[in-house]
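Counting from 1, one number per residue, gives the positions in the sequence shown under my numbering.
We treat Cβ as the ideally placed atom computed from N, Cα and C, and that holds for glycine.
In what follows, a single structure is set out as structure tokens and then discussed.
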Amino acid sequence: MGLDSTVKKEDLHLLYYTPEQKAAEAKLDLDFAVLPPIIKVLVVIPFRDKWDMTDTCLQGLLRQQRAGMSILLALVDNNSAEPATQDGINNAKQIFESQGIEVRHLRYEVPFNFSYLNNQAVIDCADFNPDVIGLLNNDIEFMDPNSLMQLTQYSCLPDAGAVGCTLLYPNGLVQHLFIFVGSKIVGSHPYKGQPLDRESKWYQKPRAVGAVTGAVMFMKTSHFDKVGGFDEKLPTSYQDVDLCLKLQKIGLVNFVVPQVLMIHHETQTRSIEPSWNEAEYVEKKWGDFLFKNPYVSPVWSRKSEHFVFTPAAFFRSVRKRFF
1 MGLDSTVKKE DLHLLYYTPE QKAAEAKLDL DFAVLPPIIK VLVVIPFRDK
51 WDMTDTCLQG LLRQQRAGMS ILLALVDNNS AEPATQDGIN NAKQIFESQG
101 IEVRHLRYEV PFNFSYLNNQ AVIDCADFNP DVIGLLNNDI EFMDPNSLMQ
151 LTQYSCLPDA GAVGCTLLYP NGLVQHLFIF VGSKIVGSHP YKGQPLDRES
201 KWYQKPRAVG AVTGAVMFMK TSHFDKVGGF DEKLPTSYQD VDLCLKLQKI
251 GLVNFVVPQV LMIHHETQTR SIEPSWNEAE YVEKKWGDFL FKNPYVSPVW
301 SRKSEHFVFT PAAFFRSVRK RFF
């Protein structure tokens, strides 16, 4: 029960925006962002060894435009053991600090828990008093020099919750546009594996969505603190969806800035399989708010990660078109 194939794939769901999505995007204007004279940004990058990959991420960060920004880089080390990693950390500190970027090496010798690692890093860097938190996986590769600036500025919009971007596989295919909240229990990634089509209307401006991935997630520190950060009962999966839902509940809107593109070498540091226990936990925690989310149209079936009509919506569309 699909849709007209002449419509560009990324634009399908734009045809069936919810009232909340329309309202959020109608008043979206970067001119209304409250930007302090110097925006203090805490960039958090968890890792465990495989320093070559982390270094690629860091080199991209160094090439970012940083005018009007003060940055603290938190290198969150979770049980690294290779000598090359410590050498890389020492070298990174020297290079970044020579360019005016403070670096803190935070080592946490605990079992892997993505939520804990990020939460604790934010706590341990609280004295920096950041305006914005930028969470990055160490397997992220920057493509454009203005990505950091754009994500930071959009995070400063009054109603902005979590802010994300478009992630691509190394071969250029789409990995992440946004998270389809409530699809396949908790959430899925529409258009995953599809070719990138920059001519689509989707890429013309930021989009109000249910959730964005924690692989690249920016937000005001005050908002992160207000909702209590990540839920540490979700160590490996779905903590990004949970956080985005918490932000919605306090009246904020999660946005993706689709024109910002990054490459994500997904799960190259750790091989993580989705946890059914964590999926069940999120389902019980959020109930109908997960499956009837105001930023996902009810015409879409939650049984597919693609945009497919529910049977009722399909027959309504047929009647509207032919009768």
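For residue i, report the span of its beta strand (DSSP E) as first-last.
i	result
V241	Segment Q239 to K249 is the alpha helix (DSSP H) holding V241; no beta strand (DSSP E) there.
Q194	Where Q194 is concerned, there is no enclosing beta strand (DSSP E), given that its DSSP letter is neither H nor E.
Q175	V174 to H176
V209	R207 to V209
V103	E102 to R107
How far does the alpha helix (DSSP H) with residue i in it extend, from its first residue to its last?
i	result
L290	D288 to F291
T152	S147 to S155
F230	F230 -> no alpha helix (DSSP H), and no H or E assigned at all.
Q120	F114 to D124
Going by the DSSP bridge assignment, what does residue i pair with across the sheet?
i	result
I140	H264
I95	Answer by DSSP bridge pairing: none, since I95 is not bridged.
F218	G134 and V163
G187	V181
V296	V296 is not bridged to any residue.
F255	V163 and A208
Kindly indicate which residue of the options has the alpha-carbon position closest to the one of residue i.
i	options	result
F224	G161, H264, G182 and T213	G161
L173	L196, Q153, T166 and P158	L196
V257	F218, D52 and A84	F218
N118	F180, F47 and S80	F47
F178	F128, Q153, P206 and T152	P206
L106	V212, Q150, N90 and F289	N90
K50	S297, L247, L151 and G88	G88
D29	T56, Q59, V76 and L157	L157
D139	I123, K292, V163 and G60	G60
I95	S188, D77 and D55	D55
Q248	D124, Q21 and V110	Q21
T213	N254, K285 and A279	N254
S80	Y108, G164, T18 and V282	Y108
D124	C165, P83, P36 and L42	L42
W286	V241, A33 and H13	V241
P111	P83, F142, L135 and D77	D77
Give me, in chain order, the residues of the same chain whose beta-carbon lies closer than 6 Å to that of residue i; leave out the 5 immediate sequence neighbours on both sides.
i	result
K93	V103
E25	A208
T221	P130 and I133
L354	Summary: the structure shown does not reach residue 354, with the chain confined to residues 1 through 323, and so no result is reported for it.
L148	Q64
F322	Because the pLDDT at F322 is just 36, under 50, the model does not fix this residue reliably, and the value given afterwards should be weighed accordingly. Around F322: no qualifying Cβ.
H189	H176
S70	I38 and K40
S275	T236 and S237
L243	F230
Starting from the C-beta of residue i, find all residues in its chain whose C-beta is less than 7 Å away, skip the five residues before and the five after it, and write them out in chain order.
i	result
D337	No answer is possible for residue 337: it lies beyond the span of the chain, which begins at 1 and ends at 323.
N293	V181, G182 and G210
Beta-carbon within less than 8 Å of residue i's beta-carbon, same chain only, minus the 5 sequence neighbours each way: which residues are those?
i	result
K226	I250
D144	V260 and L261
D4	Because D4 carries a pLDDT of 47, less than 50, the predicted location of this residue cannot be relied on, and no value is offered for it.
E97	V103
Are the C-beta of residue i and some C-beta of chain B separated by less than 8 Å?
i	result
A67	In the displayed structure, chain B is absent; only one protein chain is listed.
Cβ of residue i versus every heavy atom of the ligand FAD: is any distance shorter than 7 Å?
i	result
Q150	You won't find the ligand FAD in this model; it holds no ligand whatsoever.
As an exercise, report each continuous alpha helix (DSSP H) stretch of at least 4 residues that is fully enclosed by the segment 6-82, in chain order. 19-26 and 51-62
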